[in-house]
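Enquirer:
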Amino acid sequence: MISSLPLSRSNLILLHEHKFETREEIYALTPSQLARELEINQDEALKIWKTAKFGDDCMTRSVSNLSSTNSKREVSALNLWRRKARQRPIFSLCEDMDKMFGNGIRIGEVTEFCGVPGAGKTQLGMQIACTVQIPTDLHGPGGQAIYIDTEGSFMPRRAYEIAGGVCKHLRGVAAISSDEKVKLIILDSIAFHFRHGFEDNYMERNRTLTSIAQTLTKLAQSLQIAVIIMNHVTARMSASGSGSLTPALGPTWAHSCTNRVMLEYRDGRRWARILKSSSCEAKTIEYEIGSDGVRNLSPAPASTAGFGNENMDFKETSSTSSKRQRML
Amino acid sequence: MDSLPGQCKSTVQRTWKSTRLHLDSKLKDDNKENGGGVMNIPFRVKKRKAQDFGRTITLLSSVDEEKNAEVLSNAEVLDKDIGAFHENVLSVLFPRLDELMGGGIFSGEVLELVGESAVGKTQMCLMIAARLVAYTNSYVAYIDTSSSFAPNRVQQIYQDAAQHVLRVQTSQSPQNWAGDGLDPKPKDFKIAFRQIRVFKVSNAFELNTVLEEIRKGLSQDKKYDNLQMIIIDSLSAVLSPHLGGNEYQGFALMSETSRAIKHIVHKHNIAAITTSHTVSNRVDGLKPALGWNERIVLEVFILILLCSR
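Chains A and B supply the protein sequences, listed in that same order. Taking the numbering used here, the leading residue of the first sequence gets 567, the next gets one more, and so forth. Taking the numbering used here, the leading residue of the second sequence gets 99, the next gets one more, and so forth.
1) Can you check whether the C-beta of serine 246(B) is within less than 7 Å of a C-beta belonging to chain A?
2) According to DSSP, isoleucine 241(B) sits in a beta bridge with which residue or residues?
3) In angstroms with no decimal places, state the Cα-to-Cα distance between asparagine 306(B) and proline 722(A).
4) Examine the Cβ distances between the segment 293-311 of chain B and the segment 773-785 of chain A and report whether three or more of them are shorter than 8 Å.
5) Compute the Euclidean distance between the alpha carbons of glycine 668(A) and alanine 259(B), then round it to the nearest angstrom.
6) Measure from the C-beta of tyrosine 346(B) to each C-beta in chain A and report whether the shortest distance is under 7 Å.
7) Please confirm whether asparagine 540(A) and threonine 818(A) have their CB atoms less than 7 Å apart.
8) Under 6 Å Cβ to Cβ from glycine 859(A), same chain only, skipping five residues before and after it: list those, please.
9) Mind checking whether isoleucine 329(B) and isoleucine 371(B) have CB atoms under 7 Å apart?
10) From arginine 295(B) to leucine 659(A), what distance separates their C-alpha atoms?
11) Enumerate, from N- to C-terminal direction, the unbroken beta strand (DSSP E) stretches of 3 or more residues contained entirely within the segment 657-745 of chain A.
12) Looking only at its own chain, which residues have a Cβ that is under 8 Å from the Cβ of glutamate 131(B), when we skip the five neighbours before and after it?
13) Quick check on serine 45(B) - is its C-beta less than 7 Å from some C-beta in chain A?
14) Taking all protein chains shown into account, do 16 or more other C-beta atoms lie within 10 angstroms of the C-beta of isoleucine 289(B), making it buried, or fewer, making it exposed?
15) Determine which residues of the segment 319-338 of chain B have a Cβ less than 8 Å from any Cβ of chain A, and write them out in chain order.
16) Let me check understanding here. Comparing Cα to Cα, which of Ser810(A), Met796(A), Tyr831(A), Met828(A) lies closest to glycine 691(A)?
17) Near threonine 373(B), what residues of its chain come up, given a Cβ to Cβ distance below 6 Å and the 5 sequence neighbours on each side ignored?
18) Please state whether DSSP places phenylalanine 204(B) in a helix, a strand or coil.
19) Give me the chain A residues within the contact set of valine 212(B), using Cβ-Cβ distance strictly less than 9 Å, ordered along the chain.
20) Rounded to the nearest angstrom, how far is the Cβ of leucine 604(A) from that of histidine 582(A), given a contact under 8 Å?
21) Can you tell me whether aspartate 703(A) is buried or exposed, with buried defined as 16 or more other CB within 10 angstroms of its CB?
22) Please name the residue in Gln253(B), Asp242(B), Thr376(B), Pro339(B) whose C-alpha comes closest to that of arginine 292(B).
23) Using a threshold of 7 Å, state whether the C-beta atoms of methionine 663(A) and alanine 838(A) are closer than that.
24) Can you pull the chain B neighbours of valine 748(A), defined as C-beta to C-beta under 7 Å?
25) Which value, in whole angstroms, describes the spacing of the CA atoms of valine 308(B) and proline 339(B)?
26) How many whole angstroms separate the CB atoms of alanine 358(B) and glutamate 310(B), which I take to be in contact at a CB cut-off of 8 Å?
27) How close, in whole Å, do the beta carbons of threonine 776(A) and serine 822(A) come, if the pair is a contact with beta carbons under 8 Å?
28) So, does the segment 645-660 of chain A touch the segment 220-232 of chain B, judging by three or more C-beta pairs under 8 Å?
29) Return the first residue and the last residue of the alpha helix (DSSP H) that leucine 829(A) is part of.
30) From what residue to what residue does the alpha helix (DSSP H) around arginine 229(B) run?
31) Kindly indicate which three-state DSSP category asparagine 797(A) falls into: helix, strand or coil?
32) Could you check whether proline 707(A) and lysine 749(A) sit closer than 7 Å to each other, using their CB atoms as the reference points?
33) Determine the direct distance from the alpha carbon of tyrosine 240(B) to that of alanine 695(A), and round the result to whole angstroms.
34) To which residues of the same chain is glycine 674(A) closer than 6 Å at the C-beta, ignoring the five residues directly before and after it?
35) Counting contacts by CB-CB distance shorter than 7 Å, is lysine 849(A) in contact with chain B?
36) Would leucine 316(B) and histidine 361(B) qualify as a contact pair, given that the criterion is a beta-carbon distance under 7 Å?
Take a look at the structure:
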């Protein structure tokens with residue numbers, strides 16, 4: 567049926583006026599015949615002809631050649647499993663968080679981090695943008711990152727510090743060189759532009775958001791990269807009148823991401839909790855942010871109870887604790 | 099053949115209905131405690147005899163002699179038609195859920211799982227797929243629109259399901275298996291994984307293309323001979339952006355998809371499972387994202403999953 571093809575409204579009306587009803591009728595003609603029949607130019611007719619012949623959106627097919635033929639879209643679960651086993655994981659250098667996700671940041675999926683301001687979303691984003699560049703010689707992903715900053719929160723100086731922390735972790739091994747392939751996209755944040763301006767038109771907002779999510783999912787799946795999205799939180803009032811924090815952008819957006827992590831910041835402590843994931847258990851871990859970036863919680867200070875030395879800071883510096891981390 | 103009298107539809111056991119089920123968010127734990135010895139035989143092949151069907155029609159029309167003869171003759175024709183038609187019932191879940199669905203998941207029927215975010219829709223789909231390939235040689239087509247098919251997780255679920263089979267087996271003698279062609283010994287997951295064909299789609303147009311491809315493969319090329327189930331996770335993710343507002347193709351796309359699914363399911367006696375998310379507002383409360391219109395098009399059996407937090 568023609569009306570279910572990805573054609574513009576004007577083209578659909580045109581086809582309808584010329585009594586075309588099925589796809590077969592369109593591609594039975596050659597593009598030039600079609601152009602003459604519909605009284606449009608050759609390019610336009612060719613686009614319509616291609617769409618009728620192949621069914622799906624020609625625009626998206628040209629973007630990712632991986633799904634250019636139907637047979638490439640289908641794969642057995644076994645091959646997926648094998649491909650997953652061969653993948654180089656993207657580690658965030660916060661060991662607990664990597665374990666929470668199974669084996670590092672999920673590749674091929676869209677992960678959403680939401681949290682109050684100050685929870686550490688941007689810090690985490692900058693850090694992962696650095697770690698994704700760890701070269702393959704050191705068993706890292708060796709890829710580039712695209713950081714989309716919608717709220718101006720990316721601070722180059724801080725990114726420099728964090729990159730320094732990553733290098734320290736690698737024991738100062740030489741220059742980070744990566745191949746040209748992008749392995750990570752970070753969107754910080756999705757919420758900023760969508761929270762206001764759509765008051766009258768939530769449907770429009772939801773549609774736009776869902777189509778953004780679809781595009782990102784497609785990129786993640788077809789190019790096998792990790793996509794990370796930051797989101798804000800908002801208060802939800804329950805029937806009893808008490809409020810709780812929930813991710814912003816509503817329930818429709820909740821379905822869009824494959825994984826969802828809530829970053830909480832209470833009493834000076836930071837927690838990461840999986841809200842939704844198809845492959846990870848619901849877990850909560852604690853982490854901390856030091857000068858080198860986001861790391862596991864340092865071990866508790868050695869017991870000084872008998873000495874009254876509360877003022878002494880036994881907390882290990884990030885560099886020593888990062889030496890403890892397993893080498894990538 | 100004249101169309102059947104209207105009453106017959108309601109006497110058949112499977113009817114369109116929607117049920118509400120209160121599910122705890124910890125699906126896996128619940129299943130574990132019900133799994134083991136309590137779980138029913140995993141796969142039953144139920145051949146619905148045409149005579150049963152005919153008998154039911156006779157009972158209804160015993161009032162009017164003339165009508166009776168007419169209906170009986172129709173029933174005979176029907177007998178031949180559906181004599182070869184048997185329904186497969188896949189009981190893959192824990193007993194309470196099976197009971198709710200009248201025995202399990204039926205072939206030739208569409209089951210829709212509707213629920214809020216993170217309630218367990220994807221997990222249920224993965225579990226059903228894992229069990230089907232664990233116990234049979236059937237193929238499953240898993241159409242994944244939101245990267246929810248995670249191979250490691252499915253491996254985990256599969257190995258768990260395989261353990262349950264062993265536990266049930268040791269407690270029951272082989273004669274209790276009511277299926278033919280069943281392989282009681284669970285196979286290695288790598289072999290089973292070959293039976294799950296994953297299709298990655300990211301928009302409604304691709305979904306329709308894939309469904310068309312499956313339809314062609316089934317009827318013309320015989321490519322998908324052993325296909326017993328299609329899972330679409332999630333249907334609403336690809337269709338909802340096209341509904342409402344200035345979108346001009348929403349209903350066309352939705353009916354095209356429904357038509358394609360229905361065709362495959364009815365013609366080839368395949369079971370289909372789709373998932374859909376919910377939207378809520380203060381006026382209507384919780385409702386399926388695709389609205390109630392589609393239900394009329396599709397004749398689905400709906401399972402609404404709620405989560406208590």
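The beta carbon of each residue, even a glycine, is placed where N, CA and C say it ideally should be. These figures come from a predicted structure and were not determined experimentally.
Expert: The relevant details are as follows:
1) As a first step, residue 246(B) must be located in the second sequence, where it is residue number 148. Yes, because at least one Cβ of chain A sits closer than 7 Å to the Cβ of serine 246(B).
2) For the purposes of this step, residue 241(B) is taken as the residue at position 143 of the second sequence. Its beta-bridge partners are Phe297(B), Ile330(B).
3) Counted from its first residue, the second sequence places residue 306(B) at position 208. Counted from its first residue, the first sequence places residue 722(A) at position 156. Near 45 Å, if we compare the C-alpha coordinates of proline 722(A) and asparagine 306(B).
4) yes
5) By 1-based counting over the first sequence, the position of residue 668(A) is 102. By 1-based counting over the second sequence, the position of residue 259(B) is 161. Cα to Cα, the separation comes out at about 21 Å.
6) As a first step, residue 346(B) must be located in the second sequence, where it is residue number 248. Taking Cβ atoms only, chain A reaches closer than 7 Å to tyrosine 346(B), which makes this a yes.
7) Any answer about residue 540(A) is impossible in this case: the structure gives chain A only from 567 up to 894.
8) The residue you call residue 859(A) lines up with position 293 of the first sequence. Here the set comprises Gln693, Ile728, Gly731.
9) Looking up residue 329(B) in the second sequence gives position 231. Looking up residue 371(B) in the second sequence gives position 273. Yes, they are a contact pair.
10) Within the second sequence, residue 295(B) is the residue found at index 197, counting from 1. Within the first sequence, residue 659(A) is the residue found at index 93, counting from 1. Cα to Cα, the separation comes out at about 35 Å.
11) 676-681, 710-715
12) As a first step, residue 131(B) is located in the second sequence; it is residue number 33 there, counting from the start. Unreliable placement is indicated for glutamate 131(B), whose pLDDT of 42 sits below 50; the coordinate value is still reported in the next sentence. Correct list: empty, nothing qualifies.
13) Absent from the structure is residue 45(B), since the part of chain B shown begins at 99 and ends at 407.
14) The residue given as residue 289(B) occupies position 191 in the second sequence. Classification for isoleucine 289(B): exposed.
15) Ser332, Ser334, Ala335, Val336, Ser338
16) Position 125 of the first sequence, counted from the first residue, corresponds to residue 691(A). Minimum Cα distance to glycine 691(A) is reached at Met796(A).
17) For this step, residue 373(B) is matched to residue 275 along the second sequence. Correct list, in chain order: Leu211, Lys219, Asp331, Ser332.
18) For the purposes of this step, residue 204(B) is taken as the residue at position 106 of the second sequence. Strand.
19) To locate residue 212(B), count along the second sequence from 1; it is residue 114. Within chain A, no residue comes near valine 212(B); the closest Cβ sits about 12 Å away, beyond 9 Å.
20) On the first sequence, residue 604(A) is found 38 positions in, with the first residue counted as 1. On the first sequence, residue 582(A) is found 16 positions in, with the first residue counted as 1. Actually they do not touch by this definition, with Cβ atoms about 11 Å apart.
21) Translated into the one-based positions of the first sequence, residue 703(A) becomes position 137. Exposed.
22) In the second sequence, residue 292(B) corresponds to position 194, counting from 1. Comparing Cα-Cα distances from arginine 292(B) to each of Gln253(B), Asp242(B), Thr376(B), Pro339(B), the minimum goes to Gln253(B).
23) Residue mapping note: residue 663(A) aligns to position 97 of the first sequence, counting from 1. Residue mapping note: residue 838(A) aligns to position 272 of the first sequence, counting from 1. Yes, Cβ-Cβ distance for methionine 663(A) and alanine 838(A) is below 7 Å.
24) Translated into positions along the first sequence, residue 748(A) becomes position 182. Near valine 748(A) there are no residues of chain B at all, since even the closest Cβ is about 18 Å away, more than 7 Å.
25) Residue mapping note: residue 308(B) aligns to position 210 of the second sequence, counting from 1. Residue mapping note: residue 339(B) aligns to position 241 of the second sequence, counting from 1. C-alpha separation (whole angstroms): 19 Å.
26) Indexing the second sequence from 1 puts residue 358(B) at position 260. Indexing the second sequence from 1 puts residue 310(B) at position 212. About 7 Å separates the two Cβ atoms, so the contact holds.
27) What you label residue 776(A) is simply residue 210 of the first sequence in a count that begins at 1. What you label residue 822(A) is simply residue 256 of the first sequence in a count that begins at 1. Right, their Cβ atoms sit about 6 Å apart.
28) no
29) As a first step, residue 829(A) is located in the first sequence; it is residue number 263 there, counting from the start. From DSSP, leucine 829(A) is part of no alpha helix (DSSP H) but of the beta strand (DSSP E) over 825-832.
30) On the second sequence, residue 229(B) is found 131 positions in, with the first residue counted as 1. Its alpha helix (DSSP H) spans residues 219-233.
31) The residue you call residue 797(A) lines up with position 231 of the first sequence. DSSP places asparagine 797(A) in strand when its eight states are reduced to three.
32) For this step, residue 749(A) is matched to residue 183 along the first sequence. For this step, residue 707(A) is matched to residue 141 along the first sequence. Yes, these two residues count as a Cβ contact at 7 Å.
33) What you label residue 695(A) is simply residue 129 of the first sequence in a count that begins at 1. What you label residue 240(B) is simply residue 142 of the second sequence in a count that begins at 1. Whole-angstrom Cα-Cα distance: 33 Å.
34) Here residue 674(A) corresponds to residue number 108 of the first sequence, with the count starting at 1. So the list reads Ala786, Gln787, Gln790, once near-sequence residues are dropped.
35) Position 283 of the first sequence, counted from the start, is the residue given in the question as residue 849(A). Chain B contact via Cβ: absent.
36) Numbered from its first residue, the second sequence carries residue 316(B) at position 218. Numbered from its first residue, the second sequence carries residue 361(B) at position 263. No, they are not a contact pair.
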